[in-house]
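What follows is a short report on a single structure.
Number of protein chains: 4
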Amino acid sequence: MPVAPPFMLTTGPVTAYPAVLNAMARPVLYDGHPAFQQFYRDVVGKVRQAMRSAALPVILQGDALLGLEAAAASLIGRRDVVLNLVSGVYGKGYGNWARRHGGEVIELEVPYDEAIDAEAVRRALLDRPDITIIAVCHHDTPSGTLNPLAEIGLLAREHGAFVIADAVSSFGGMDVHPDAAHVDVFVASAAKCLGATPGLTLIGINDRAWARIKANPDAPRVSFLSLLDWELASEPGRPFPVTPSLAEFHGLDAALDLYLAEGPEKVWQRHARTAAATRAGLAALGLRLWPKSEAIAAPSASVFRVPDGIEDKALRDTLLDRYGVLVSLGRGFTAGKVLRIGHMGPGAEPLLAVTAIAALGAALRRLGAKGDAGVAVDAALASLDGPSPAAVVHDVSREAVHAD
Amino acid sequence: MPVAPPFMLTTGPVTAYPAVLNAMARPVLYDGHPAFQQFYRDVVGKVRQAMRSAALPVILQGDALLGLEAAAASLIGRRDVVLNLVSGVYGKGYGNWARRHGGEVIELEVPYDEAIDAEAVRRALLDRPDITIIAVCHHDTPSGTLNPLAEIGLLAREHGAFVIADAVSSFGGMDVHPDAAHVDVFVASAAKCLGATPGLTLIGINDRAWARIKANPDAPRVSFLSLLDWELASEPGRPFPVTPSLAEFHGLDAALDLYLAEGPEKVWQRHARTAAATRAGLAALGLRLWPKSEAIAAPSASVFRVPDGIEDKALRDTLLDRYGVLVSLGRGFTAGKVLRIGHMGPGAEPLLAVTAIAALGAALRRLGAKGDAGVAVDAALASLDGPSPAAVVHDVSREAVHAD
Amino acid sequence: MPVAPPFMLTTGPVTAYPAVLNAMARPVLYDGHPAFQQFYRDVVGKVRQAMRSAALPVILQGDALLGLEAAAASLIGRRDVVLNLVSGVYGKGYGNWARRHGGEVIELEVPYDEAIDAEAVRRALLDRPDITIIAVCHHDTPSGTLNPLAEIGLLAREHGAFVIADAVSSFGGMDVHPDAAHVDVFVASAAKCLGATPGLTLIGINDRAWARIKANPDAPRVSFLSLLDWELASEPGRPFPVTPSLAEFHGLDAALDLYLAEGPEKVWQRHARTAAATRAGLAALGLRLWPKSEAIAAPSASVFRVPDGIEDKALRDTLLDRYGVLVSLGRGFTAGKVLRIGHMGPGAEPLLAVTAIAALGAALRRLGAKGDAGVAVDAALASLDGPSPAAVVHDVSREAVHAD
Amino acid sequence: MPVAPPFMLTTGPVTAYPAVLNAMARPVLYDGHPAFQQFYRDVVGKVRQAMRSAALPVILQGDALLGLEAAAASLIGRRDVVLNLVSGVYGKGYGNWARRHGGEVIELEVPYDEAIDAEAVRRALLDRPDITIIAVCHHDTPSGTLNPLAEIGLLAREHGAFVIADAVSSFGGMDVHPDAAHVDVFVASAAKCLGATPGLTLIGINDRAWARIKANPDAPRVSFLSLLDWELASEPGRPFPVTPSLAEFHGLDAALDLYLAEGPEKVWQRHARTAAATRAGLAALGLRLWPKSEAIAAPSASVFRVPDGIEDKALRDTLLDRYGVLVSLGRGFTAGKVLRIGHMGPGAEPLLAVTAIAALGAALRRLGAKGDAGVAVDAALASLDGPSPAAVVHDVSREAVHAD
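Residue numbers (my numbering), protein chains in the order written: chain A, 10 to 413; chain B, 10 to 413; chain C, 10 to 413; chain D, 10 to 413.
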């Protein structure tokens with residue numbers, strides 16, 4: 010079996026919490042046993058609690074891409090006009106599913122180091138009153154950028170459109186929740202900021218969305234891609250539409266317990282602190298964040314430009330081979346241009362920012378680049394010791410809530 | 010977390026081997042790390058070894074239903090004429106997917122306590138030379154019956170048709186493999202006779218099938234349901250189309266190691282012995298197997314009719330609450346009519362047949378039915394101590410091989 | 010790593026509960042960390058709760074023999090006259106330690122298939138008013154016999170003598186507790202009826218015993234054998250005298266949680282039912298219990314005479330190799346004469362009695378002996394389905410309590 | 010259950026390797042089962058391989074203090090004249106056991122920040138030709154200092170004396186082995202540099218020592234403290250003198266596999282590199298090592314003086330509460346004067362030196378002390394990137410070997 014490096018700071022999959030892995034070794038129980046069904050309902054209830062949603066969420070039996078595809082296939086029908094917001098590789102990719110299932114897809118695209126401007130969304134909705142669905146990636150992980158989800162959600166609600174949000178790599182690491190952000194189908198993962206393993210998607214679906222999906226004749230039924238099949242899965246005595254991934258439920262349950270016991274606000278703080286310290290260190294190393302401004306940089310990943318004259322893979326490999334630090338390469342458009350340091354789950358540990366910055370400074374020097382690791386570590390430590398960076402993280406939602 | 014009963018003898022999901030659960034607690038490694046990619050290739054290689062197939066199999070990131078649906082969606086195109094063989098609930102259900110993706114679906118149906126007759130398949134193929142695909146469920150678990158897969162495979166090959174086989178609850182528990190049975194798309198599970206947890210489908214696909222799938226414009230691409238996306242996933246340096254379920258791979262790897270180390274033939278023997286002893290006991294209890302003849306009863310499940318005057322759930326609950334033995338209810342057409350004792354993975358332990366029969370005898374008596382547990386246990390023990398029941402299990406394939 | 014057989018019905022070490030093994034995989038924490046010290050106190054508190062004792066117990070960092078030796082070395086001084094009660098191999102062995110540390114040792118010995126007679130103890134105390142300490146093995150595991158601990162305790166208390174009791178293989182499997190039985194030093198194990206792994210001894214010590222030990226100049230101090238070193242270990246801020254076996258504490262904690270959550274009375278019932286059913290089966294097989302009467306047979310082990318003409322190891326090996334059932338051989342005086350079926354922890358599962366009896370019947374037949382497995386299974390099942398055998402188990406203590 | 014801090018850099022017990030904890034969750038097997046006995050022999054064989062010893066080592070069922078006490082009790086008889094070498098708290102403590110079991114104890118003591126001078130040992134042996142046993146602590150952990158074990162061993166061998174060495178916190182982290190160092194009884198631990206959990210002592214005993222122990226009438230027999238009881242424990246078919254701590258054996262086995270697979274030399278390098286980088290950082294922070302010269306500082310712990318005006322516990326708590334780094338306080342004479350950073354097992358990860366130094370620099374600043382974390386991190390990184398510090402670690406043994 011492969012052995013994880015000492016410092017796995019990837020953007021997902023991430024190191025799972027020990028308690029999660031431990032839970033996955035518990036004996037599994039037949040899914041038809043009433044005790045499992047009760048356990049299933051308990052886990053769904055904890056997801057609801059974590060999502061702060063009025064409606065019961067759905068858990069699909071595969072990692073986040075399953076949920077994202079299922080959301081598109083279920084909500085988007087052939088008569089829909091979809092506004093697909095594109096600020097990165099993942100947002101762009103979602104357009105393919107929107108086109109596959111929808112009638113027309115309009116794309117509002119910004120450079121991949123920027124965030125969608127809510128004002129532009131407002132204009133697009135004015136232009137095309139027939140837009141019925143907005144698809145948006147909250148944290149476009151290949152870029153490490155956040156979009157103003159709650160503002161977009163509010164605009165959509167006012168317009169009467171539905172919102173599908175990819176919150177896969179932000180949920181659990183910051184203050185983002187479906188109801189508060191007016192998101193109708195909210196796709197999250199067990200394997201990112203919650204620190205569980207990949208294998209389950211968590212999907213918040215509100216009542217409006219359920220009604221719409223039921224009315225969509227093309228929504229998958231009797232399919233692994235179906236949301237509808239799971240609508241009543243929490244009701245006692247019903248067989249599950251497909252066999253749940255039992256061990257992944259054990260792990261998810263442990264992850265939710267950790268999240269709720271530590272306290273969501275504290276978990277977000279941990280992510281925010283780690284990110285802020287990392288960015289202070291990156292700046293001190295003379296490295297530029299990929300996101301155009303730090304205000305749009307996600308607290309769960311720090312994406313920075315690889316300096317001129319250095320190859321991304323050489324830097325990645327030096328970090329790993331010399332220092333035991335594993336970070337992610339870019340992806341799609343950002344491939345070759347950036348490296349990405351994840352701050353997710355157990356990786357969102359403030360001092361790990363310092364560890365990563367020290368290794369990065371040393372690796373750059375080793376590859377002939379400039380970079381003063383000591384100064385950068387000082388900057389990261391100063392950030393850690395400074396006031397809480399929470400404001401940055403909460404802004405977006407807070408404004409939206411105020412406007413509500 | 011729910012606690013498993015002392016004796017979990019279900020038809021799947023089943024008790025996982027301790028070594029499998031243990032492996033699932035191992036730290037997970039980023040899927041982009043070369044060490045994980047090598048591990049992935051190793052696991053795929055072990056699946057190939059276990060499947061005794063020439064081509065590399067595909068592992069999909071969800072339990073068996075994902076693989077079954079993906080097989081239908083990938084291989085069956087709108088011009089195909091599909092012969093769907095129906096001898097039970099699962100076979101019947103497959104017709105829905107065949108109709109969804111195919112042009113025409115012809116069903117050859119037998120009563121759900123019988124097996125498909127190879128001669129009838131031959132006639133069906135003569136009748137309709139335009140049949141391009143045969144779909145067959147090898148072990149229709151709700152009935153506990155086996156179909157003559159290798160014979161059907163041979164007829165299909167002679168006819169020029171493709172075969173999709175659901176070997177989910179037979180593979181790993183008996184001598185059934187894709188190439189030997191001339192099956193083109195062979196769908197198996199980690200969670201049944203291999204004794205791992207639900208979360209992965211193992212799919213044997215031969216070269217003919219790959220060519221056909223590639224030629225099918227409707228085969229899913231860029232989808233959780235896609236087989237094509239995974240065709241080259243074993244090649245070094247390629248990103249995975251979706252994030253693999255890392256922990257499930259750890260578990261599957263351990264399950265394959267156990268299977269190959271114990272020796273497939275010995276594992277099948279264990280399944281066959283447990284089944285034979287259970288059936289000897291059932292007969293001595295005066296219970297009738299659901300399958301019309303024992304020759305078509307699968308070695309991985311013993312399905313018996315609940316005697317008149319007893320309610321299936323009452324018997325199931327008595328077994329569980331009084332004796333700690335959990336068995337499966339019937340499903341669909343067999344629901345209410347039968348109980349099903351699984352012999353899969355660690356449950357395929359010969360003495361467990363005796364345990365189950367003793368509990369069943371006592372439970373029947375408690376519910377006012379006849380049944381001499383002592384006599385039944387004697388019968389089960391006599392079976393255990395008798396000659397190997399292997400012949401029963403191999404017959405079907407062996408004939409086909411001889412005919413080859 | 011060695012693989013456990015499917016049915017491990019030994020008299021200790023026994024199969025550990027899955028939740029115990031799972032807990033042992035939790036990351037360990039430095040013993041000097043306040044959180045570990047709090048955890049340590051919590052575990053000691055749970056042991057006290059399980060022991061129903063007024064004083065805090067001590068946990069020694071080694072399996073039961075450490076505790077037994079430490080008890081002798083600590084309580085018994087060179088001026089003590091020890092009455093060592095011998096009804097089996099373990100009681101006999103304790104005399105060696107009594108002689109090593111004490112002034113004079115008087116032995117009251119009965120045949121090893123009998124129990125100590127409380128009346129004889131009364132007479133011995135009358136004979137020798139200078140007896141200061143009584144050592145007694147509650148469940149002499151090589152014989153599977155119980156001694157009337159509470160009656161002896163009461164006699165000792167009236168006499169003014171101290172009692173050291175070996176309750177290693179009875180505590181947790183029946184109603185036996187130090188205060189109720191007037192035992193001053195009560196030695197129990199994590200690895201028998203509590204279903205944890207060997208590595209810790211649990212020792213109940215009352216205030217009288219602490220005073221006595223402190224007054225004993227020969228009691229070990231600054232030693233792995235010391236009880237005194239641990240007297241104040243539960244006080245906050247104290248370093249531990251030796252490093253605690255951290256992982257074993259995790260396992261013990263889980264075992265105590267299981268014990269207290271299931272409910273001690275229910276756990277004892279489970280042990281008693283399994284024992285009673287096993288004995289009904291043994292009798293029906295024509296096998297004789299080693300204990301002269303079933304009234305003195307412990308609920309945690311069924312020890313039976315190997316029939317004439319059969320070699321103990323041959324029978325043991327047949328059970329293991331043919332049926333996957335592992336039982337214990339005799340030990341010392343009972344070696345070669347008996348086999349021992351443990352009913353401890355997860356092995357105290359009533360239907361396992363039936364499993365074991367069936368295998369035993371079949372194994373005997375295979376070795377040419379008589380024995381009708383079916384009839385024996387019927388007898389075991391009739392026992393399981395009969396009224397609760399609890400009376401048998403509680404008698405001894407209850408009488409003593411009444412007399413109190 | 011208590012939760013370990015993110016960075017546990019204690020001097021033992023230490024973070025266990027994940028593979029070790031994982032192994033401890035494996036089902037346990039009755040110790041009387043031949044498969045366990047074979048496994049036991051395999052583990053003893055791996056300990057021998059790791060110890061590079063000619064004779065089979067003994068594994069005692071308790072953490073290191075058990076082994077140290079057992080060694081004193083077994084080897085030291087009432088006619089022995091013991092030269093106890095004292096360079097720290099642990100060496101001093103050993104004198105108590107030497108006095109308990111021996112005839113006369115001569116102590117050669119140096120200040121606790123110095124190492125024993127081999128020349129002084131030579132003189133002591135000349136002075137007192139009747140010295141029969143030398144007791145020496147190789148790495149006196151409260152001081153973090155190494156004694157020249159191989160030189161002392163050679164002098165003892167020439168003199169005809171026996172050597173008992175406490176290699177508990179050095180073995181597995183550097184090049185120290187009983188035969189090469191002429192040590193007769195060599196006490197090591199599973200829980201320090203090997204990265205397993207506390208619960209077993211590993212004791213190398215050569216043939217001379219066995220002969221001596223057998224000739225010692227006071228050597229413990231039939232005791233938890235006995236070495237003799239275990240002499241033949243590796244012979245097939247023998248019952249173990251006490252029940253082995255089964256789960257700890259699983260963990261130790263995994264730890265030995267890791268050690269031998271990574272390669273002892275590489276493991277020592279990892280320890281040496283981490284120590285050297287830590288010390289470079291400490292120096293740059295203006296902190297003084299407790300050991301008088303770095304040449305005598307052990308590679309498995311960096312012990313430094315807490316600067317004037319700072320309280321040791323305040324610094325420890327700041328490191329833990331603010332940065333998640335747990336280090337050890339001093340002990341005995343060094344308590345209140347030093348903090349100790351462990352580099353053992355998984356904690357011997359070079360980049361962790363940087364992490365620790367950064368946190369330490371920040372914590373000092375927070376407590377009002379001077380200290381430039383950035384400069385210190387640069388120094389630690391420069392050390393990591395410099396040539397191998399191996400020479401430092403091997404010197405002592407190498408000289409002795411040359412002299413041989």
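Here a beta-carbon is modelled for each residue, glycine too, at the ideal position from N, C-alpha and C. As the structure is a prediction and not an experimental result, all values here were calculated from the model.
Q | residue 266 of chain C, enclosing alpha helix (DSSP H) - first and last residue | A | One-based indexing of the third sequence puts residue 266 of chain C at position 257. 255-271 is the span of the alpha helix (DSSP H), which, as asked, contains residue 266 of chain C.
(Q) Per the DSSP calculation, residue 85 of chain C is bridged to which residue(s)? (A) What you label residue 85 of chain C is simply residue 76 of the third sequence in a count that begins at 1. DSSP, once it has assigned bridges, lists no residue as partnering residue 85 of chain C.
Q.
Quick check: the region 308-321 of chain C against the region 284-294 of chain C, are at least 3 beta-carbon pairs closer than 8 Å?
A. yes
Q) How many Å lie between residue 300 of chain C and residue 150 of chain C at the Cα? A) Locating residue 300 of chain C in the third sequence gives position 291, where the first residue counts as 1. Locating residue 150 of chain C in the third sequence gives position 141, where the first residue counts as 1. Roughly 11 Å between the two C-alpha positions.
Q: Could you name the residues that DSSP lists as bridge partners for residue 314 of chain B?
A: Position 305 of the second sequence, counting from 1, holds the residue named residue 314 of chain B. Residue pairing for residue 314 of chain B: DSSP places it in a beta bridge opposite B/347.
Q | Cutoff 9 Å: residue 249 of chain C Cβ touching any chain B Cβ | A | Numbered from its first residue, the third sequence carries residue 249 of chain C at position 240. For residue 249 of chain C, the answer is no, since every Cβ of chain B falls outside 9 Å of its Cβ.
Q: Using a Cβ cut-off of 8 Å, pull out every chain C residue sitting near residue 192 of chain D, in sequence order please.
A: Along the fourth sequence, one-based indexing puts residue 192 of chain D at 183. Those do not exist, as residue 192 of chain D stays about 21 Å from chain C at its closest Cβ, beyond 8 Å.
(Q) Among C/37, C/33, C/109 and C/92, whose alpha-carbon lies nearest the alpha-carbon of residue 137 of chain C? (A) Taking the first residue of the third sequence as position 1, residue 137 of chain C is located at position 128. The shortest Cα separation from residue 137 of chain C among C/37, C/33, C/109 and C/92 belongs to C/92.
Q: State the DSSP-derived secondary structure class of residue 353 of chain D, mapped to helix, strand or coil.
A: The residue given as residue 353 of chain D occupies position 344 in the fourth sequence. For residue 353 of chain D, the three-state secondary structure derived from DSSP is coil.
Q. For residue 269 of chain D versus residue 58 of chain D, is the C-beta spacing smaller than 9 Å?
A. Residue numbering aside, residue 269 of chain D sits at position 260 when the fourth sequence is read from its first letter. Residue numbering aside, residue 58 of chain D sits at position 49 when the fourth sequence is read from its first letter. Yes, the pair counts as a contact, with Cβ atoms nearer than the cut-off.
Q) Does any residue of chain D bring its CB to less than 9 Å from the CB of residue 178 of chain C? A) If you number the third sequence from 1, residue 178 of chain C lands on position 169. Judged by the 9 Å Cβ criterion, residue 178 of chain C is not in contact with chain D.
Q) Is residue 323 of chain B buried or exposed, if buried means 16 or more other CB atoms sit within 10 Å of its CB? A) One-based indexing of the second sequence puts residue 323 of chain B at position 314. Burial call: exposed.
**Q.** Proximity to residue 44 of chain D [Cα-Cα], best of C/326, C/368 and C/350
**A.** As a working note, residue 44 of chain D is residue 35 in the fourth sequence. Here the closest residue by C-alpha is C/326.
Q: Determine the direct distance from the alpha carbon of residue 335 of chain D to that of residue 16 of chain D, and round the result to whole angstroms.
A: The residue you call residue 16 of chain D lines up with position 7 of the fourth sequence. The residue you call residue 335 of chain D lines up with position 326 of the fourth sequence. Straight-line Cα distance between these residues: approximately 6 Å.
Q: Taking C-beta pairs closer than 7 Å, name the residues in chain A that residue 332 of chain D reaches, listed in chain order.
A: Residue mapping note: residue 332 of chain D aligns to position 323 of the fourth sequence, counting from 1. Near residue 332 of chain D (Cβ distances below 7 Å), the residues of chain A are 360.
Q. Sorted by chain position, which residues of the same chain lie with C-beta nearer than 7 Å to residue 185 of chain B's C-beta, five sequence neighbours on each side aside?
A. Residue 185 of chain B sits at position 176 when you count from the first residue of the second sequence. Exclusion of the five residues before and after residue 185 of chain B leaves 147, 158, 176, 179 and 406 as the residues of its chain whose Cβ lies within less than 7 Å of its Cβ.
Q) Are there 16 or more other CB atoms within 10 angstroms of the CB of residue 227 of chain B, so buried, or fewer, so exposed? A) Along the second sequence, one-based indexing puts residue 227 of chain B at 218. Exposed is the call here.
Q: Decide if residue 135 of chain A is buried, meaning its Cβ has at least 16 other Cβ atoms within 10 Å, or exposed.
A: Numbered from 1 along the first sequence, position 126 holds the residue referred to as residue 135 of chain A. When all chains shown are included, residue 135 of chain A counts as exposed.
Q: Report the rounded CA-to-CA distance for residue 360 of chain B versus residue 378 of chain C, giving the unit in angstroms.
A: Against the second sequence, residue 360 of chain B aligns to sequence position 351. Against the third sequence, residue 378 of chain C aligns to sequence position 369. Those two C-alpha atoms are separated by around 20 Å.
Q. Cβ of residue 37 of chain C within 9 Å of Cβ of residue 343 of chain C?
A. In the third sequence, counting from the first residue as 1, residue 37 of chain C sits at position 28. In the third sequence, counting from the first residue as 1, residue 343 of chain C sits at position 334. Their beta carbons are not under 9 Å apart, which means residue 37 of chain C does not touch residue 343 of chain C by this criterion.
Q) So, does the CB of residue 59 of chain C fall closer than 9 Å to a CB anywhere in chain A? A) Residue 59 of chain C sits at position 50 when you count from the first residue of the third sequence. No, residue 59 of chain C does not count as interfacial toward chain A.
Q. Is it a yes or a no for the region 206-218 of chain C touching the region 387-397 of chain C, going by three-plus beta-carbon pairs under 8 Å?
A. no
Q: With DSSP collapsed to three states, give me the class of residue 342 of chain B.
A: Within the second sequence, residue 342 of chain B is the residue found at index 333, counting from 1. It is helical.
Q: Using alpha carbons as the reference points, say which of B/217, B/164 and B/250 lies closest to residue 229 of chain B.
A: Here residue 229 of chain B refers to the residue found at position 220 when the second sequence is read from its first residue. Measuring from the Cα of residue 229 of chain B, the nearest candidate turns out to be B/250.
Q) Sorted by chain position, which residues of the same chain lie with C-beta nearer than 6 Å to residue 194 of chain C's C-beta, five sequence neighbours on each side aside? A) Taking the first residue of the third sequence as position 1, residue 194 of chain C is located at position 185. Only 80, 84, 173, 214 and 218 meet the Cβ criterion.
**Q.** residue 320 of chain D classed as buried or exposed, judged by whether at least 16 other C-beta atoms fall within 10 angstroms
**A.** Here residue 320 of chain D refers to the residue found at position 311 when the fourth sequence is read from its first residue. Exposed is the call here.
Q: Tell me, please, whether the CB atom of residue 226 of chain B is closer than 9 Å to any CB atom in chain A?
A: Counted from its first residue, the second sequence places residue 226 of chain B at position 217. Not a single CB atom of chain A sits nearer than 9 Å to the CB of residue 226 of chain B.
**Q.** Contact set between the region 62-85 of chain D and chain C, restricted to residues whose Cβ is under 7 Å from the partner
**A.** 70, 71, 72, 74, 75 and 78
**Q.** Check: residue 217 of chain A C-beta below 8 Å from any heavy atom of the ligand SAM
**A.** As for the ligand SAM, it is missing from this structure, which has no ligand bound.
**Q.** Interface residues of the region 211-240 of chain D facing chain A [CB-CB below 8 Å]
**A.** none
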